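For the record, the sequence lines run as chains Y and D.
Numbering-wise, the numbering used here puts 1118 at position 165 of the first sequence, and it's gapless, one number per residue.
Numbering-wise, the numbering used here puts 496 at position 470 of the second sequence, and it's gapless, one number per residue.
Heads up, the beta-carbon is just placed ideally off N, CA and C, and yes, glycines get one too.
As the structure is a prediction and not an experimental result, all values here were calculated from the model.
See structure below.
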Amino acid sequence: MASSDEILTTLKILIIGQSGVGKSSLLLRFTDDIFDPDQPATIGVDFKVKTLSIDGNLVKLAIWDTAGQERFRTLTPSYYRGAQGAILVYDVSSRASFERLEPWLQELNTYATKSNIVKMLVGNKIDKDRVVTREEGLQFARRHSMLFIEASAKSKEGVQCAFEELVQKVIQTPGLWESDNRQGFSLQRGGEEAASESWCSC
Amino acid sequence: MKNSEPVDVLSMDVDDQFEDFTTASDWEQFTARLEQLLSEWLGKPVEPENVTNNWVVIQEKVTFSDFPFNFSYYRRVTTAELNDGSSIMESMEPVNTSPSYPPYILRMLSSEPDFPPCSTPCPVSEFFSLEEFAVLTSTAAEPVHKESRLKLLLSSACIALNNTTCNFPIFIQYHGWNQNYYYGVAESGGVRTAFQMIRLKSVMIPTYLSGLIDVFKSKIGQSLSAPIIITAHFFYNMNAWHEDFTYDSFPPELFDVLKVEHTENSGVSGETDKESTRVSINQWSQFYSQTTIIPFGSMDDPFSSLELVCGWPTLTDDIVVDSSTYTDLEPENSPEWHFSLKLDANADFRLRDVIEGIWNLNTEYVSIKDVLGKSIEDNEDTAQYTSALDRLTADPVSQLPVAGINTVIGSAHRRLLYSPSLYSDLPPISSENIDASLRFLFPDADPNPSLPYPSSFDRVPDLKKDATINFWENLQGVKSAPIGSLVWRLATLIGNLHAYNGGNMAVAHMWTEFVLELRYRLEKSTLICGLERGAPNSNSCLLNQKLQMLNCCIEKKIARAEKENEKNVSEDVEFAEPEQESEDDDEFFDCDDTINSNANEIAVAKFVKPTGRLRKCGRLRLLNTGEPMYIPITQDPAPLTEDVVEEQAKILVELGNDAEGSEMRAKMMSASLLSDMEAFKAANPGAILEDFVRWYSPRDWIESDDIDKFGNKIGELSARMKVPGNLWIDVWSTAQSVPVRRQKRLFDDTREAEKVLHWMGNQTLSDICHLLFPCIVHAAALKVAEEAEKLSLDYQLPVNLPQQVSQLSRCFGHICGSASETNAAKNLVLSSLSRCEGEITQIRSFQHKFPSIDLTKILKAKQEHKETYGPDFLPKHIKIEGGYRSDVGKTIREIFIKEQCVSHLLESENEFKFGKPAKRVFVLKYIPPKSIANESVGYLCLPQRMSCLVKEDLFVSAGTFSLRTDLG
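Below is the structure:
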């Protein structure tokens, strides 16, 4: 296993979308490869780390999972800061979750500090009976310059691929991540030494 | 030695002709090395990294025994060649002209004018008018100064040139390094040329043209069959501008403006000096005259001197007389006039000074208190704001309404840090100036402010030029404060104070007064003016966010006070309106609060009066009681500044990546959930978790088509909500029925306000630099754009600058770059800004001096022929069309006359003479007629050249003398 110093960069990824569309389940499937139908509804924000190998480079992902309930939406956008990628999730078996994507995008554009943040649309729960066609999802993604994939946290389909595609795209976007090593907190214990270099702490 | 390349002895085949190099001397090795480099250079294509100002320069190290040398190759390339990237060899193919002269002689024959000289990386090219050559320079402790050494080196060079096909000369730098003294040799196409220099400190030989012609003739022969062609240039210097021609952009004194703006408004100022100050105010920014006080331009003229060059491009020795007794060469007779303006290297530029000054605070790690030697807290006694307004009692105390509340407060003034009655030491900024500064920052304290804040900060100035419009738009991404807002004013004000009104002390003093004013406003529940309302904008700089935060606190405080007021009013009234949430309800409710339990929920609900209702939640009814469901009044989440968000995120991250961490995070985040649940319970007595979920997370309520007795659809909680022990159930069970009014505040404004003020008071000068810098550079960039807009010609603003400013602005604040990155970003921006400032000032000064010259045309021509001139903004030599008799010529004469008047050298203008030139340059050429070019021997069959520079105490001559080697 590669040690932390071989890590190319740490990326901040957001997962947003209506409540109950399976944001936390997608994340759990990606990080721990499990599916828990009884996973409690997220309160506020939660967070997971996973290291991913992209083209032979190790990339550390700090993935922020957000609560979808309307009332939490005054709380969660504070954590959008500095994110390089965002996954916007809807439920293919719920038309309502698809129809209310627009406000989420607006919120993302308002609060994300990086203007060239990579956005991905994920249609989750394709193991269920769908009411939103793949074509509709595709159209929405095209209209808003997003990546698009359909997935199922339950059946595992498309989950790994979704995260990999997103990270690949972030890595390919110039200016989005190069300076990352100096931004934000460091996830490993070694973070303190790195921080002492920056001149705010002097 | 016919080998053009060194031979690798070891790999040589035995059958090949065997040569033994094992006994080669130092001299032979040295020569071989020179040959190797020459061949390398000849085959090398033009690589852009080797090219500066249209010269290819390649340097290599060589040694002669232990003696180190630099061997450098110089070649001028044309722009076309650069773009082609064609190799030197290809472009060297000789253009077939009659006698096969080497290129350096062809150049002597060309009619290309010698003036103005092209930019050059090595003086050799100017002395001998060369475009390709190599130079050998000693890099040892001492230069080459023995003649025997020089000859040895020249012979090496000669052999190397012969063994290669090089048709350019090699020079040896001789004598001191600073003397620019060179000897050279070239050998090619049957011609050997010696390049020789004479350099005399005290001039012993005749330096008039007639004498120089004699010297030239004595070298090449007296009986010439063609006249000597002469080019002469005389240089005249003007070193002191008369005030008529000086351009200084000295802006008005900061406090003159701030104070006049004030006094003028209150009608106190005297009529006499009002007019003059009016003018000076107009010198300030037009677009942001209300906001930007960044100074711009140099204090003195950006040009230190003017040089007039009078040229005679083609004279012959038979028609011109220039001797000690008489001369034909007077400036008035010169057919060609050029002039150049020399930049004042010591000029102070104000915009640059202000930015650099603030940046220098970066390394001042002293706290404000230490700078001032006194503590802010000392002044925080109770009497601080209410008494001892001695100085201010003289001011008309105004009563002004404050947005949002109907109370009236006194003029927002309070006792100052250095109150006249208390201080014994003089304050860094006089109290009068502090007063002007505070009025500038907080104009709302004035009943009729002269510089009020705009109603909104997103107005776009009326720009006309495309370049400035683009520039402006590209600056949108800068992370500073809204243009013209409070932080913007503070940053530019402190920038000025630091540069011109007291340095570090003044910064510390101003900052402290600023913090005191903020505290005063908090105490008096007066909103801070000049800020965008609402929660901290994370796209603005940290200081702006902190002030917005403080304003949120003040707003909360005002709202609370209003509530208190209402309550007092409603106590007088017998009963409140049903909709109105009054404290009476709460008291009622509190009694029952303790006995509220799940068991007798329904029963109790009948007696409990609901409180804290916002509005009905659609047509939903509570599952157990059938009462309409109400959305409760909820607490807003606490506004956060970016540093606090970052800290919280850090804590959340530190909880770990496992399930336990997730649970801890959920618990930490559940404060607002608990608050909402309690409010919901208070608004909906008898409600159960299912009711709450139906409002809060409708997708977790799975409905069927059946309808219950109250008209609700029958349903159940989703599986995840039903999992025993999940946090939603936990929180619901601990939630009491409490309306938000009686809840613990999620946003403790009193504490948060205190935190902000404490934070403000504990900044070091270095911190202040970081807080203000994004705004300062942003303001400076806009200032530059504005000045460019005002110019009468199109000035090209640097396209990358907005992006660089934006990048720099993100290096500050809570998340910041490493010191070196920030420094690099700052240097990039600062050099770009000061270049613009310098160039715009040059344009202004130039147009002021020479209004009749079309500068646009000159700059355009420069761009087109950029290989002719150096990197300066203005062309080094500007040709005066029409010379002496033109308008510009007359202006120049006027400039010289005025200079002599200033220095009292002149009684009347009629006496004026340009006088003795500071420098004279002659180029003497002999070009043989074609008839003898191929027959005769000696110097007369080849072109010869001698250039001379004559100054008061210096004579330099450079001769190019060629002989045929193939005619025997």
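DSSP three-state call for S1031/Y: helix, strand or coil? helix
From N565/D, K572/D, G556/D, S551/D, pick the residue whose C-alpha is nearest to that of A587/D; which is it? S551/D
Quick check: is the beta carbon of L1091/Y nearer than 9 Å to any beta carbon in chain D? no
What is the rounded straight-line gap between the Cα of T760/D and the Cα of L1058/Y? 35 Å
Between which two residues does the alpha helix (DSSP H) containing Y546/D stretch? 529 to 549
Cβ-based neighbour list, K942/D, same chain, cut-off 6 Å, excluding 5 preceding and 5 following: none
On the DSSP bridge assignment, give the partners of W1017/Y in chain order. L967/Y, F1000/Y
Establish whether the CB of A1015/Y and some CB of chain D are separated by less than 9 Å. yes
So, is the C-beta of A994/Y closer than 9 Å to a C-beta in chain D? yes
Could you list the residues in the segment 751 to 771 of chain D with a C-beta less than 7 Å from some C-beta on chain Y, going in chain order? N752, L753, W754
Using a beta-carbon distance below 9 Å, is D1082/Y in contact with chain D? no
Bridge-paired residues (DSSP) for G337/D: H259/D, E362/D
Please state whether DSSP places D731/D in a helix, a strand or coil. strand
Give a yes or no on whether 9 Å exceeds the smallest Cβ distance from T962/Y to chain D. no
At the level of alpha carbons, what is the spacing between L10/D and S988/D? Residue 10/D is absent from the structure shown; chain D starts at 27 and stops at 994.
I want to see whether chain Y comes within less than 9 Å of L678/D, judged by CB atoms only; does it? yes
Which one of A664/D, L464/D, L649/D, V504/D has the shortest CA to CA distance from L519/D? L464/D
Here's the rule I'm using: 16 or more other beta-carbon atoms within 10 Å means buried, otherwise exposed. How should E458/D be labelled? exposed
Rounded to the nearest angstrom, what separates R990/D and S983/D at their Cα positions? 23 Å
Just reading off the alpha helix (DSSP H) that F1093/Y is part of, what are its end residues? 1087 to 1096
Between C555/D and the rest of its own chain, which residues show a CB-CB distance below 8 Å, the 5 nearest in sequence each way excluded? F468, P469, D470, Y479, L512
Chain-ordered residues of the segment 538 to 572 of chain D with a beta carbon less than 8 Å from chain Y: S564, N565
Chain Y contact residues for N683/D, given Cβ-Cβ distances below 7 Å: K1001, V1002
Cβ neighbours of K977/D in the same chain (closer than 6 Å, five flanking residues each side left out): K945
Within the same chain, show all residues whose beta-carbon is closer than 7 Å to that of L176/D, passing over the 5 residues directly before and after it, in chain order. V170, I198, Y200, Y209
If I follow the unbroken beta strand (DSSP E) through G644/D, where does it start and stop? 639 to 647
Would you mind telling me which residues of chain Y sit closer than 7 Å to S698/D, beta carbon to beta carbon, in chain order? L1028
Measure from the C-beta of K977/D to each C-beta in chain Y and report whether the shortest distance is under 9 Å. no
Per DSSP, D348/D forms a beta bridge with which residues? T353/D
Alpha carbon to alpha carbon, how far is Y821/D from T342/D? Give it in angstroms, no decimals. 44 Å
At a CB-CB cut-off below 8 Å, which residues of chain D make contact with Y1032/Y? V671, A675
Alpha-carbon spacing of K852/D relative to Q62/D, whole angstroms: 45 Å
Assuming A994/Y and R746/D form a contact by the criterion Cβ under 8 Å, report the distance between their Cβ atoms to the nearest whole angstrom. 6 Å
Output yes if chain D places a C-beta closer than 9 Å to the C-beta of Q1179/Y; else output no. Within the shown structure, residues of chain Y are numbered from 954 to 1155, placing residue 1179/Y beyond reach of any answer.
Mind the definition here: the segment 736 to 745 of chain D touches the segment 762 to 778 of chain D only if three or more C-beta pairs lie below 8 Å; say whether that holds. no
Who does T742/D pair with in a DSSP beta bridge? With the sequence shown as reference, residue 742/D is identified as Glu, and Thr is not the correct amino acid for it. Note: E742/D sits in a beta bridge opposite I728/D.
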